[in-house]
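Scroll down for the structure; my scribbles are underneath it.
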Amino acid sequence: MRIARHWAVVLAFVGPVSVQGAEVSFNRDIRPILSEHCFACHGFDAKQRKADLRLDLAESALAERNGVVAIKPGDLAKSDLWQRINSTDPQEVMPPPSTKKQLTAEQKKLIQQWIEQGAKFQKHWAFEPPTGAGVPAVKTAGWDRNPIDRFILSRLEQDGLTPQPEASRSTLIRRVAFALTGLPPALSEVAEFEADKSPQAYENMVDRYLKSPRYGEEMARHWLDVARYADTHGLHLDNERSMWAYRDWVIQAFNENKPFDAFTIEQLAGDLLPNPTRDQLIATGFNRCNVTTSEGGSIDAEFIFRYAVDRTSTMIETWMGLTGGCAVCHDHKYDPLSMREFYSLYAFFLSSADPAMDRNIDTTDPFMKVANAAQQAVLAHTQSAEAAARKTLEEAAAKFGYRDPADEAPAPAARAVTDVWLDDVFPTGARTNCSSRNASVWTTATDLLPALGRRALRQAFASNYQDKFEQPLLPLVVPENPNLTVFVRTDAYERPKSLMLQLDSNLGSHKVAWGDSQNYGVAKTDQNWLGEVPAGGTWHKLQIPLERIKLPPGAIVQGVALAQFGGIAWWDGLTMAGDISPAADPRSSFKVWWKQRTGKDTPGVPGELAGVLKEGPGKAPAAELKDKLLRFYLAYVYRAAGDTPLFDRQQAWQDAQAARVTAEEAIPGTFIFKELPQPREAFVMTRGQYDKPGEKVEPSVPAVFPALRKPDAGRRATRLDLAQWLLSPEHPLTARVTVNRFWQQFFGTGLVKTSFDFGSQGESPSHPEMLDWLAVWYREHNWDTKALVRLLVTSAAFRQDARVNPELLKRDPENRLYARGPRFRLDAEQIRDNALAVSGLINLSMGGHGDKSYQPPNIWEPVGYSDSNTRFYLQDHGPALYRRSIYAFLKRTAPPPFMSNFDAPNREQFCSRRERSNTPLQALQLLNDTQHFEAARGFAEQILAAGGQTADERVKYAYRRALARNPHPDELVVVRGALDQYLARYREDLAAAQRVVTVGESRPRKDLPPQELAAYTLLANLILNLDETVTRN
201 MRIARHWAVV
211 LAFVGPVSVQ
221 GAEVSFNRDI
231 RPILSEHCFA
241 CHGFDAKQRK
251 ADLRLDLAES
261 ALAERNGVVA
271 IKPGDLAKSD
281 LWQRINSTDP
291 QEVMPPPSTK
301 KQLTAEQKKL
311 IQQWIEQGAK
321 FQKHWAFEPP
331 TGAGVPAVKT
341 AGWDRNPIDR
351 FILSRLEQDG
361 LTPQPEASRS
371 TLIRRVAFAL
381 TGLPPALSEV
391 AEFEADKSPQ
401 AYENMVDRYL
411 KSPRYGEEMA
421 RHWLDVARYA
431 DTHGLHLDNE
441 RSMWAYRDWV
451 IQAFNENKPF
461 DAFTIEQLAG
471 DLLPNPTRDQ
481 LIATGFNRCN
491 VTTSEGGSID
501 AEFIFRYAVD
511 RTSTMIETWM
521 GLTGGCAVCH
531 DHKYDPLSMR
541 EFYSLYAFFL
551 SSADPAMDRN
561 IDTTDPFMKV
571 ANAAQQAVLA
581 HTQSAEAAAR
591 KTLEEAAAKF
601 GYRDPADEAP
611 APAARAVTDV
621 WLDDVFPTGA
631 RTNCSSRNAS
641 VWTTATDLLP
651 ALGRRALRQA
661 FASNYQDKFE
671 QPLLPLVVPE
681 NPNLTVFVRT
691 DAYERPKSLM
701 LQLDSNLGSH
711 KVAWGDSQNY
721 GVAKTDQNWL
731 GEVPAGGTWH
741 KLQIPLERIK
751 LPPGAIVQGV
761 ALAQFGGIAW
771 WDGLTMAGDI
781 SPAADPRSSF
791 KVWWKQRTGK
801 DTPGVPGELA
811 GVLKEGPGKA
821 PAAELKDKLL
831 RFYLAYVYRA
841 AGDTPLFDRQ
851 QAWQDAQAAR
861 VTAEEAIPGT
871 FIFKELPQPR
881 EAFVMTRGQY
891 DKPGEKVEPS
901 VPAVFPALRK
911 PDAGRRATRL
921 DLAQWLLSPE
931 HPLTARVTVN
941 RFWQQFFGTG
951 LVKTSFDFGS
961 QGESPSHPEM
971 LDWLAVWYRE
981 HNWDTKALVR
991 LLVTSAAFRQ
1001 DARVNPELLK
1011 RDPENRLYAR
1021 GPRFRLDAEQ
1031 IRDNALAVSG
1041 LINLSMGGHG
1051 DKSYQPPNIW
1061 EPVGYSDSNT
1071 RFYLQDHGPA
1081 LYRRSIYAFL
1091 KRTAPPPFMS
1101 NFDAPNREQF
1111 CSRRERSNTP
1121 LQALQLLNDT
1131 QHFEAARGFA
1141 EQILAAGGQT
1151 ADERVKYAYR
1161 RALARNPHPD
1171 ELVVVRGALD
1181 QYLARYREDL
1191 AAAQRVVTVG
1201 ESRPRKDLPP
1211 QELAAYTLLA
1221 NLILNLDETV
1231 TRN
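What follows is the structure, encoded as structure tokens:
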């Protein structure tokens, strides 16, 4: 349970100081005191309530009990509450001494005034619908630019304060650029703004940034904190999950200015819309962002319960701004949310179709492929080409003159044959069972040159799991003089401890292994160890002696399994060669093949032919069906001679099939949310225990809020009903909570500082009338987010100078009255992106898989299991190192240090407000981190290339590029002095200069002397470390 700040702080910076005779407000002045000190025992939670007294309800607090009344309006002597809080008897005083929550004299004075003034109760302000009260009148004319300013100015006038003048143009464009795009303004943008002399210059500048694709990236960053988006599952192995399409959807939604009502509905219930689009299904990834597991011994029922609780709590926190998780185990102690009501909301999310165990794979169902236009075009082309190749092949098979060698007498002599079972794709028709914690991936030649063909099968960090395929359409019969080989390549740095290959035949299972002995699971084998794991970094052709594994000629191999223990390995070209008579070869004799498949299911055989094949030749099928089966066999099973047209057609079809499969597997996918066909029953879970169901509940909403629209007869309420209820005009919280988060984003602190808690334990709004006005405005303007953002950033309040004098700082240290402009340190992502942008290194490509930039060594491994695919941090290279931070790969158990160091959340749970800490590590990172130091060198290159010829010119250019202003004369003197020191040092030490300019992967410009570049690199590093550089001022 989050506890509100001490009331004195709230009183000083939020509410007016109550003085004798002033009207005391229950919501503003009294409720926070009672919530902090009394509600735990005299509040909503019936099980914890003492003396059957509720101090949050007038009817209870004013009622007489055995001749005693807790609160007697206008009469302190008869108010037991007043007597108790002033008692000196430890048996009588309230709160009891054991709580260590005694009231201050100031708090007691407020309660005294309230009782004397009639003890008027009010319903908690957040549970009353916003009314959109009129804009207040003000005494000072000409300062306000839109209605927001009238609310701000009215409050300032009450407190005897005046707003600051408008900030300079350089400050304004930098403030707006960071606020709307998360990036600094380019020099060209600064010049354009300064050249615009029209009265609408500022608004024109704002509109340009609102149209930038960078706007969606910056806005999405804040929402992804709320949505708890990350790139890994979060528990146990913390393996990778494919969710980035949801992140890209959020960016696109903000750039397209999707109305917030649609933004809400599509995320909470996009799958329940009529004929949902691909994007609406992607949006439901919001409900799949929760932490999941597949740890051995986990109980399905427990994690189905936990996932539903997480989704319910996140919905409550995101749209209602309440601490819903407090009602999982008991009635909420402070807010009107009972356990029964929490579990009625939980019922909306309990029937999700995702499994309890995520299987530690990145494609946990429900899962959807999300091809972009280029991928769709490639897939369509390969599908068309495969269909054409299939048609040509079947035409050639129909014309082929076939004579079954099994009918020949004497039987044909044995001939040399070669069958390849693992080349670019799994064998045609094979059933695959990738039980690996990390599903196998076919890697193309762009990733790794395969041993054969265009692709190889990659396995990573598996231990007690295997990848298996069985019952393929093309049989594998062990010939005479057999020679079985397979290509394998192990990673040069992450070699597996052992490798295993298993052949399943009609005689049993046959295993071979390389490397260390493992004594459990699929890697276990007590014989047939063939040597050490091959050296990493190159392909090896491994020989498997069939006589040693008791696989004689004539045996029929029906499946193959591949396994490893740790590390990374690639497999390719599983090949069986030898001699076999066509009369005994199922790929030469139709009769032999048909007999072998009798009684077996054969994947890949279409329709009625599958039944004919399984029944066998003894059933004497109709001649037409037998002829169709023969033609199918000739097209897809028969080993045609290399000099025949049929062989050419078979090869063409196999190539086309491999191309189509490759195109399909190149298409990424994303987790989506779907309902089970039959909803699960929901119960109040006693004490929040998954295995202690109590009273059965149906999907519903808390009684304190407007009723849910009644579903049609016979229909149960759904998440779509819930989403629409959240957006109803009568709902008191959704619009308030949402506009408050936007205000927090642009002004640094929300009108309600506790943006995560609008309940009794949260802070009252600093400007309640303005909050309500904004909530109503937003809803009545069709939830137009860009219009709301524009309203906020074009206000005079936002445009104020941020400088503050000591007196104002003392009166309003947190700027809750907004008598000055917003000033606060940039967030983690903005700090990094700013350095990259100023340096010219930034890569502004959008979307796609998360990137792994520079990171200190040994961050992932200590928290990674041996068979986790995120055990080792494999850094990206090239342009991916310089993409925006919103695209950084986020491993929950070890988030990017550059983000954690500057207070970014780990995304394990909802986060609506980041804290801002100050630590020595932050300074060390900005000075020494590879990314930042490399950015300083890139910045230095920009200075030397475009900053002019003299040192003074270059320093001025550096300031304009980094800070959108020229240096003051005293700054110029100091910085020039530092630069002269750097130049003197590196002119005497070329080796040190070389070390400075070669930090990072990007190469320094060869046309710049290394000594001069090193000196300017330190100058650039100095400027990037200025407080002003890392502050939105």
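Each step along the sequence shown adds one to the number in my numbering, with nothing skipped, and position 374 is 574. Glycine included, every Cβ here is placed at the ideal spot set by N, Cα and C.
Reduced DSSP category for residue i - H, G, I as helix; E, B as strand; rest coil
| i | result |
| --- | --- |
| ALA208 | Residue placement at ALA208 cannot be trusted, given a pLDDT of 36 that sits under 50; the coordinates are not used to answer. |
| PRO1056 | coil |
| TRP314 | helix |
| PHE486 | helix |
| MET1099 | helix |
| GLU328 | coil |
| ASN638 | Because ASN638 carries a pLDDT of 41, less than 50, the predicted location of this residue cannot be relied on, and the following value inherits that uncertainty. Note: ASN638 maps to coil in three-state DSSP. |
| GLY215 | Confidence is the limiting factor: at GLY215 the pLDDT is only 46, short of 50, which leaves the residue's position unreliable and the question unanswerable from this model. |
| TRP519 | helix |
| VAL677 | strand |
| SER955 | coil |
| THR844 | coil |
Own chain partners of residue i with C-beta closer than 7 Å, once the 5 adjacent residues on each side are dropped
| i | result |
| --- | --- |
| TRP343 | ASP349, LEU353, PRO363 and ALA996 |
| ARG265 | none |
| HIS237 | PRO295, LYS301 and LEU303 |
Element boundaries [beta strand (DSSP E), containing residue i]
| i | result |
| --- | --- |
| PHE549 | Segment: none, PHE549 is in no beta strand (DSSP E) and carries neither H nor E. |
| GLN758 | 756-765 |
| GLY894 | 893-897 |
| ARG615 | 615-620 |
| GLN702 | 698-705 |
| MET568 | 567-569 |
| ALA713 | 708-715 |
Sub-8 Å separation of residue i and residue j beta-carbons
| i | j | result |
| --- | --- | --- |
| ARG839 | VAL678 | no |
| ALA270 | LEU281 | yes |
| GLU1141 | ARG1205 | yes |
| VAL509 | TYR546 | yes |
| ARG428 | CYS489 | yes |
| MET515 | LEU468 | yes |
| ASP438 | THR870 | no |
| LEU674 | VAL805 | no |
| PHE687 | LYS741 | yes |
| ASP785 | ASN681 | no |
| ALA240 | GLN248 | yes |
| GLU1212 | LEU1144 | yes |
Own chain residues within Cβ distance below 6 Å of residue i, not counting five before or after
| i | result |
| --- | --- |
| LYS874 | ASP471, ALA553 and PRO566 |
| CYS1111 | ASP425 and PRO1105 |
| MET520 | LEU933 |
| PHE1133 | VAL1199 |
| GLN1299 | The structure shown does not extend to residue 1299, since the chain is modelled only from 201 through 1233, so no value can be given for it. |
| ASN487 | ARG511 and PHE873 |
Residue i burial status per 10 Å Cβ neighbour count (16 or more: buried)
| i | result |
| --- | --- |
| LEU684 | buried |
| ASN1058 | exposed |
| VAL733 | buried |
| PRO1096 | buried |
| TYR534 | buried |
| ARG202 | Low per-residue confidence applies at ARG202: pLDDT is 37, beneath 50, and the placement is therefore not dependable, though the value from the model is reported in the following sentence. Flag for ARG202 reads exposed. |
| THR381 | buried |
Residue range of the unbroken alpha helix (DSSP H) whose run includes residue i
| i | result |
| --- | --- |
| GLY778 | Taken as a continuous stretch (DSSP letters only), GLY778 belongs to no alpha helix (DSSP H), being part of the beta strand (DSSP E) at 768-780. |
| THR512 | 500-515 |
| PHE832 | 823-836 |
Any non-hydrogen atom of the ligand GDP within 7 Å of residue i CB
| i | result |
| --- | --- |
| ARG979 | This structure lacks the ligand GDP; in fact it carries no ligand of any kind. |
Same chain, Cβ closer than 8 Å to residue i, neighbours up to 5 away in sequence not counted
| i | result |
| --- | --- |
| MET970 | ILE348, PHE351, ILE352 and LEU951 |
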